[in-house]
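The listed protein sequences correspond, in order, to chains A and B. Heads up, the first sequence is in this note's numbering, so the first residue is 1 and it goes up one at a time. Heads up, the second sequence is in this note's numbering, so the first residue is 1001 and it goes up one at a time.
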Amino acid sequence: MAKRFGFIIVIMAILIGSVVLVGYKQVQPIVIIASMIATTIAVATPLTLGALSGVFCERSGVVNIGIEGMMLAGAFFGWLASIYMNSIWGFSAMPSILVGVVAALISGGLFALLHAALSITFKVDQIIGGTVINILAAGITGFLNRQLFFEKGSIFGGHVPHAPGVLPALHIPITELFQKWCGANTGTCYTVGESLNKIVDQKPIAISAILLVFLSSYVLFNTRWGLRTRSVGEHPKAADTVGINVYFMRYANVIIGGLFAGLAGAYLTLESVPSFEPLMTNGRGFIALAAMIFGNWTPVGAWAASLLFGAAQALQINLQFFRELIPPNLAFLQQSYVVGLTPYLLTMIVLTGVVGKTIPPAADGKPYEK
Amino acid sequence: MQGSETKKKDAGRTKRLFRSALDAVLMPLLAIFTALVVGGIIIALAGGNPIQAYIGLFQGAFGSPQALSETAVWATPYIFAGLAVALAFKGGLFNIGAEGQIALGAVATAWVGYALPGLLGITIPAIIHIPLAIAMGILFGAIWAAIPGALKAYTGAHEVINTIMMNYIALNTVSFLLNGPMKDKDPLNVIARTPEIAATARLPAIFPGLRVHWGFVIALICAWLVWYLLWKTTLGFEIRTVGANPDAAKYAGINVKKLIVLTMAFSGALAGLAGAIEVVGLNFRHELGFAIGYGFDAIAIALLGKTHPLGVVLAAILFGGMRNGATRMQFLTQIPTDMISVIQGLILLFVAADEIIRYIYRIKAREERLVLTRGWGG
């Protein structure tokens, strides 16, 4: 795992370094680095939550390729609930958004319940179960979106409403503190404070994602629940023998995974932008799956991998600012396409075993028969 | 004594065979029926008339020569892609990457179609141009799937993850090509697509005035070829043996690693062919995103068809018919075409979880269970 973390840090340093290299003549390096880190944390949020979803499912022995579908369901129903609360039942914006977040959690959880029933009770091949989730979620959200908001029978018409707003960023007054320390509104000292503020001032779901990483890690490796979860994922028969209810543990963890995926969906429609588009998850669930494998089925590892994938995306976003400054020999970076490939290529490289061995839970994907 | 015992055994076997054949036909039909019932409930809840919707769906799919032609047009890529997934399943492999293989195959075919004549400075006769364009699509599809196959065989990396990753690499690459070097330079064009392919690279329509093209016939021939490969050749036997039990296959002297790569290459070739035929037979260019969703639909089709070529053809025609009929359904009853995705998801659900169907209709379970994957461990 140390090798894996080292690999992640090196690649991230290269990604951030290349933006600094492009823009340092115009903007102070520290400002660029701060901007990169801030963007990385924000865009990595749905990946982190999606990867945590996978960690809980798979640690208990249920393969989950339905993260994408659960995320999409969370995004749609969270958005839908906030619109109904706000414009139909007349609640003000903030409570509506919060109810939307709860609705996103519940819908993620319900799709997870279906996945759990398929894989645990009906013992369906779990990859097919996940495919069912993905197809159903895409179909139901697309159908309802059009049925509810489009003019009857038309393909383009109608007004698709926006959610009443997005969750606001939390402000921690670091800049003000530094201002007092440095005694000035300019200079390096002040810039440091301002840059730190940029990194720290994240929105609520982004912050909770980070807290959930450490909470999940603690739960999985330091509590009775975690031990039981891991034991039903590694050796269900042995767990059953000592009196652990394998089916219950698996159901519970898959549903917990669904809640995480639902929250990831809420990030997309209630924190990032206030609108929904069909299939808007756009593969994030699968990148999250890759991040989970990359991180060897551990919360912290999965988070690190999510940040790495997020940094690749942040590079594209931040390079937009320096478009004219990019030297010709680095022009290929501007092709968002080249950088866009990194998560997928890196995952394939990691899977070959070059950067440390990837070891899934022993009973992952295998239905348990008493 | 002995004679009667043999007879009894034979009778038992015939009965078992009959029951498994009945099962193979009955279960998918019941799954489709149940999905339509549940879909009907959803339509009713959404304020529509399910009976009217399904009548519209059926008319739109099979109600006229025009409708039949369009259904065949829709079904053609589904047959190829469904065969691709089914063939991999037979070899114990899960190819989730059909979508990427289709897109890449289509790009290669389109390039041969529109750029090669100019590059060589000659007009290539159709008899060479069409097969060449299709072959390039097949080749790229095969290579794209063989890579995860080789990674699985030689490093143990799971093909499900790698085919998903290769999907996104393919889609990003295709998007880059269609927005950049291969973009249609027509000043009126604003979308990501290639120029039209030369007339010499186009498959003719079968009947004048209808869009159904020879690709549909090629798809049916391919289904027969896959059946022949799997059940009438040594190679096919080896593929199925590796799929059923890789350890036993190894002891029997089969080169399992080579077989894995080969099976994936065959599977990708079929998916690439799906993309190639769409270009030479229907669209005459590659427009970005035409293959979206085909990968997952192909999985549903392969499973609904019980991974048998004949079943795949029937399932593909059903799925193609539903996609095609959806427009008429929307026109008649204002039920959005997206409803079809819901019904297809439900069909896959009931096909995969056949215990639900068995429970509803009180059908006794068979002993074997369809095992397609064995977790990430391989």
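All C-beta atoms in this analysis are idealised placements derived from N, C-alpha and C, irrespective of residue type, glycine included.
Which residues of chain A have a Cβ atom closer than 8 Å to the Cβ of P1336(B), listed in chain order? In the second sequence, counting from the first residue as 1, residue 1336(B) sits at position 336. Per Cβ cutoff of 8 Å: G142, F143, R146, Q147 and F150.
Roughly how many angstroms separate the alpha carbons of D201(A) and P168(A), rounded to a whole number? Here residue 201(A) is taken as the residue at index 201 of the first sequence, counted from 1. Here residue 168(A) is taken as the residue at index 168 of the first sequence, counted from 1. Between D201(A) and P168(A), the C-alpha separation is close to 10 Å.
For the structure I just gave you, are there three or more beta carbon pairs, one from the region 1007-1025 of chain B and one from the region 1280-1297 of chain B, closer than 8 Å? no
For a test of the three-state rule: what should DSSP assign to R1362(B), helix, strand or coil?
Start at 1 with the first residue of the second sequence, and residue 1362(B) comes out as number 362. R1362(B): coil per DSSP, three-state reduction.
Quick check on H1286(B): does DSSP put it in helix, strand or coil? As a working note, residue 1286(B) is residue 286 in the second sequence. In the displayed model, H1286(B) falls within coil according to three-state DSSP, outside both helix and strand.
I'd like to know if G1305(B) contacts chain A, where contact means its C-beta is closer than 8 Å to some C-beta of that chain.
The residue labelled residue 1305(B) in the question sits at position 305 within the second sequence. G1305(B) does not count as touching chain A.
Tell whether a beta-carbon distance below 8 Å holds between V1242(B) and L1259(B). Your numbering for residue 1242(B) matches position 242 in the second sequence. Your numbering for residue 1259(B) matches position 259 in the second sequence. Yes. Within cutoff.
**Asked** Counting pairs of Cβ atoms below 8 Å between the region 68-83 of chain A and the region 310-317 of chain A, do you hit three or more?
**Response** no
Next on the checklist: Checking the sheet assignment: what are the DSSP bridge partners for H1213(B)?
Outcome noted: Taking the first residue of the second sequence as 1, we reach residue 1213(B) at position 213. Answer is A1205(B).
Exercise. Which partner residues of R1193(B) appear in the DSSP bridge assignment?
Worked result: Locating residue 1193(B) in the second sequence gives position 193, where the first residue counts as 1. Residue pairing by DSSP places R1193(B) opposite E1287(B) in a beta bridge.
* Quick one, which of L1026(B), I1299(B) and G1275(B) has its alpha-carbon nearest G1289(B)'s? -> The sequence position of residue 1289(B) within the second sequence is 289, counting from 1. The residue among L1026(B), I1299(B) and G1275(B) with its C-alpha nearest the C-alpha of G1289(B) is G1275(B).
- Item | Members of the region 233-259 of chain A that neighbour chain B once the beta carbon cut-off is set at 8 Å | none
Query raised in the report: Assuming M12(A) contacts L307(A) under a Cβ cut-off of 8 Å, what Cβ separation, rounded to an integer in Å, is found between them?
Result: Numbered from 1 along the first sequence, position 12 holds the residue referred to as residue 12(A). Numbered from 1 along the first sequence, position 307 holds the residue referred to as residue 307(A). Their Cβ separation, rounded to whole angstroms, is 7 Å, which keeps M12(A) and L307(A) in contact under 8 Å.
Nearest to L114(A) (by Cα), restricted to the options N253(A), R228(A), Y337(A) and L227(A):
Mapped onto the first sequence, residue 114(A) falls at position 114. Residue N253(A) is the option with its Cα nearest to L114(A).
- Task: Note down the Cα distance separating R1211(B) from E1070(B), rounded to an integer number of angstroms.
- Result: Looking up residue 1211(B) in the second sequence gives position 211. Looking up residue 1070(B) in the second sequence gives position 70. Each residue's Cα considered, the two are about 7 Å apart.
| said: Among A104(A), G142(A), S60(A) and A93(A), whose alpha-carbon lies nearest the alpha-carbon of S119(A)? | reply: Residue numbering aside, residue 119(A) sits at position 119 when the first sequence is read from its first letter. For the set A104(A), G142(A), S60(A) and A93(A), the Cα lying nearest the Cα of S119(A) is the one of S60(A).
Can you name, in chain order, every residue of its own chain whose Cβ lies under 8 Å from the Cβ of A1352(B), other than the five neighbours on each side? Position 352 of the second sequence, counted from the first residue, corresponds to residue 1352(B). If we look at A1352(B) and ignore the five residues flanking it on each side, its Cβ neighbours are L1303.
task: Taking the CB atoms as reference points, tell me whether G285(A) and A104(A) lie closer together than 8 Å.
output: Locating residue 285(A) in the first sequence gives position 285, counting from the first residue. Locating residue 104(A) in the first sequence gives position 104, counting from the first residue. No, they are not a contact pair.
From N1179(B), G1137(B), E1099(B) and A1108(B), pick the residue whose C-alpha is nearest to that of I1169(B); which is it? Indexing the second sequence from 1 puts residue 1169(B) at position 169. Closest by alpha carbon: E1099(B).
Legend entry - Whole-angstrom distance between L1030(B) and Y1361(B), CA atom to CA atom: The sequence position of residue 1361(B) within the second sequence is 361, counting from 1. The sequence position of residue 1030(B) within the second sequence is 30, counting from 1. When rounded, the distance between both Cα atoms is 9 Å.
Got a sec? Which residues, its chain only, sit under 7 Å from M1001(B) by beta carbon, not counting five neighbours each side? Taking the second sequence and counting its residues from 1, one reaches residue 1001(B) at position 1. A caution first: M1001(B) carries a pLDDT of 45, below 50, which makes its placement in the model too unreliable to give a value.
- Any C-beta of chain A under 8 Å from that of L1282(B): As a working note, residue 1282(B) is residue 282 in the second sequence. No, L1282(B) does not count as interfacial toward chain A.
If you scan the region 1222-1281 of chain B from start to end, which runs of the beta strand (DSSP E) of 3 or more residues do you find wholly inside it? none
Subject >> C-alpha gap between A942(B) and G1311(B), whole angstroms >> reply: In the structure as shown, chain B starts at 1001 and stops at 1378, and residue 942(B) therefore has no counterpart that could be examined.
Where do the ends of the alpha helix (DSSP H) carrying F5(A) lie? As a position in the first sequence, residue 5(A) is number 5, starting the count at 1. From DSSP, the alpha helix (DSSP H) with F5(A) extends over A2 to G23.
Can you tell me which of the three DSSP states F1296(B) falls into?
Here residue 1296(B) refers to the residue found at position 296 when the second sequence is read from its first residue. If DSSP states are grouped into helix, strand and coil, F1296(B) belongs with the helices.
Would you kindly check if the distance between the Cβ of G283(A) and the Cβ of G108(A) is under 8 Å?
-> Position 108 of the first sequence, counted from the start, is the residue given in the question as residue 108(A). Position 283 of the first sequence, counted from the start, is the residue given in the question as residue 283(A). No.
What is the DSSP secondary structure of Y84(A), counted as helix, strand or coil?
-> For the purposes of this step, residue 84(A) is taken as the residue at position 84 of the first sequence. If DSSP states are grouped into helix, strand and coil, Y84(A) belongs with the helices.
- Please report the residue range of the alpha helix (DSSP H) in which R284(A) lies. Position 284 of the first sequence, counted from the first residue, corresponds to residue 284(A). Looking at the DSSP string, the run of the alpha helix (DSSP H) that includes R284(A) is R284 to F294.
Review point. Hey, out of D1338(B), G1325(B) and I1347(B), whose CA is closest to A1067(B)'s CA?
Key: Position 67 of the second sequence, counting from 1, holds the residue named residue 1067(B). Per the Cα distances, G1325(B).
Shorter than 8 Å from the beta carbon of Y1054(B) to some beta carbon of chain A? On the second sequence, position 54 is the one that residue 1054(B) refers to. Not one chain A Cβ lies under 8 Å of Y1054(B).
- Is the number of C-beta pairs between the region 1041-1051 of chain B and the region 1230-1250 of chain B that are closer than 8 Å three or more? no
Handout entry: Length at least 4, wholly inside the region 1116-1186 of chain B: the alpha helix (DSSP H) runs in chain order
Key = 1116-1120, 1126-1155 and 1159-1179
Q.
Here's the rule: buried if 16 or more other CB atoms are within 10 angstroms of the residue's CB, otherwise exposed. What is A2(A)?
A. In the first sequence, residue 2(A) corresponds to position 2, counting from 1. So A2(A) counts as exposed.
query = How about N64(A) and S82(A): do their beta carbons lie closer than 8 Å?
reply = Along the first sequence, read from residue 1 onward, the residue named residue 64(A) stands at position 64. Along the first sequence, read from residue 1 onward, the residue named residue 82(A) stands at position 82. Cβ distance not < 8 Å, so N64(A) and S82(A) don't count as in contact.
### Backbone CA spacing between N134(A) and M249(A) [nearest angstrom]
Your numbering for residue 134(A) matches position 134 in the first sequence. Your numbering for residue 249(A) matches position 249 in the first sequence. Cα-Cα distance, rounded: 23 Å.
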